[in-house]
Amino acid sequence: MNIRPMSPFLGAEIEGVNLCGALSSEMYAAINNALLEHIVVIVRDQKLSPKAYVEVMSQFGVPGKQSHSEELHRDHPEIWIIDSRNSEIDAAGKRMVFGSECWHTDHTHLEKPPKLTSLYAIRLPETGGDTEFVNAYRLYGRLSAEHSETISNLYVMYGADRHLTFREADRDSFSVPSRHPLVRTHPETGRRALYIHPLKMQSIEGMTTEESETFVNELLDATIDLSEVYRHKWRLGDLVLIDNRACLHKAARDYDPQVGRVMHRMIIEGDRPV
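Final position of the sequence shown in this note's numbering is 848; the numbers increase by one with none missing.
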């Protein structure tokens with residue numbers, strides 16, 4: 575197995591691995607260690623059936639429950655089929671690019687959000703369809719000592735994504751608001767990182783919704799250096815592993831959703847952020 579960094583800030587490609595093969599526990603541990611170090615890991619040229627995909631991801635922990643019940647794989651409900659042709663319609667009557675509205679980590683509405691998100695490329699547009707990632711450790715590290723102390727004491731209340739509609743079958747997972755710190759400590763590395771999903775944020779404790787949105791927007795504007803963004807250009811068969819505890823990501827609006835971009839997504843259960 576060869577690990578090749580994709581940027582100085584985050585992202586690494588793992589070469590020489592066939593996940594459909596009988597990999598040892600040591601090999602999976604090595605992949606997990608690469609994820610802890612590089613935050614985003616890309617395993618190219620995989621040929622994973624839905625069954626194999628579930629088996630592979632189960633090596634990293636317990637698969638989490640997805641929120642979009644009508645878009646889950648019929649035989650393997652651990653897999654959410656993200657098809658751009660089925661995305662939400664915006665005010666102009668056009669399909670939205672799912673996940674492109676803001677920098678975010680996944681499923682902050684849960685008391686125990688997933689530690690890991692994985693995306694497996696099934697269908698891609700001829701051009702575009704990229705995903706962008708930023709190192710949340712570096713966002714926290716960019717704060718002044720005074721600012722970091724203030725922010726480290728802030729907590730965010732989360733609920734449903736305000737820009738999406740949810741079917742009745744999915745509303746239970748959003749019925750109880752969750753409360754998480756704006757800065758979390760990674761349970762395996764011990765490092766501190768900004769932790770936020772602006773669209774699922776109801777408010778920061780002690781602020782109104784409007785004040786919270788302004789605060790978070792200014793915080794991200796001040797800490798995200800676009801020169802440090804890793805922009806992943808997908809190839810069919812890519813399996814991308816994302817450490818939700820250490821990065822923010824978003825989809826790029828660089829293609830027409832009607833063309834069709836299909837990903838299989840799984841999440842792995844995590845701990846309550848502290």
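Where is the CB? At the ideal position from N, CA and C, for every residue including glycine.
Backbone secondary structure at residue i - three-state DSSP
i       : result
Ala-743 : In this prediction, Ala-743 has a pLDDT of 47, which is less than 50 and means its spatial position is unreliable; what the coordinates show is noted afterwards. Of the three classes helix, strand and coil, the one that applies to Ala-743 here is helix, per DSSP.
Gln-832 : helix
Arg-697 : strand
Arg-716 : coil
Glu-706 : strand
Gly-731 : Here residue 731 is Met; the residue named in the question, Gly, does not match the sequence. DSSP places Met-731 in strand when its eight states are reduced to three.
Lys-621 : coil
Ser-658 : helix
Tyr-769 : coil
Leu-756 : coil
Candidates the options, of which the one nearest residue i by Cα
i       : options                            : result
Glu-700 : Ile-798, Arg-809, His-647          : Arg-809
Ser-658 : Asp-704, Val-617, Ser-692          : Asp-704
His-806 : Ile-577, Gly-595, Val-615, Ser-598 : Val-615
Leu-756 : Gly-834, Gly-764, Glu-784, Ser-722 : Ser-722
Lys-824 : Ile-605, Asp-812, Leu-800, Val-833 : Leu-800
Arg-835 : Asp-649, Ile-841, Thr-724, Gly-811 : Gly-811
Ala-710 : Ser-674, Gly-667, His-678, Met-575 : His-678
Arg-846 : Leu-773, Pro-688, Glu-792          : Pro-688
Leu-690 : Ile-653, Leu-815, Gln-633, Glu-587 : Leu-815
Leu-610 : Asp-649, Lys-668, Asp-817, Gln-620 : Asp-817
Paired residues, beta bridge with residue i - DSSP
i       : result
Glu-587 : Arg-578, Ile-616
Ser-692 : Leu-815, Met-840
Distance between residue j and residue i (C-alpha atoms, nearest Å)
i       : j       : result
Ala-743 : Gly-635 : Confidence is the limiting factor: at Ala-743 the pLDDT is only 47, short of 50, which leaves the residue's position unreliable, though a coordinate-based value still follows. Rounded to the nearest angstrom, the two C-alpha atoms are 25 Å apart.
His-683 : His-642 : 14 Å
Gly-702 : Thr-783 : 34 Å
Gln-776 : Ala-596 : 45 Å
Ala-604 : Cys-594 : 16 Å
Ser-726 : Arg-758 : 8 Å
Ser-623 : Ala-796 : 42 Å
Phe-789 : Lys-625 : 43 Å
Cys-821 : Val-803 : 10 Å
Assumed close pair residue i, residue j - CB separation to whole angstroms, cut-off 8 Å
i       : j       : result
Arg-819 : His-760 : 5 Å
Leu-768 : Tyr-714 : 5 Å
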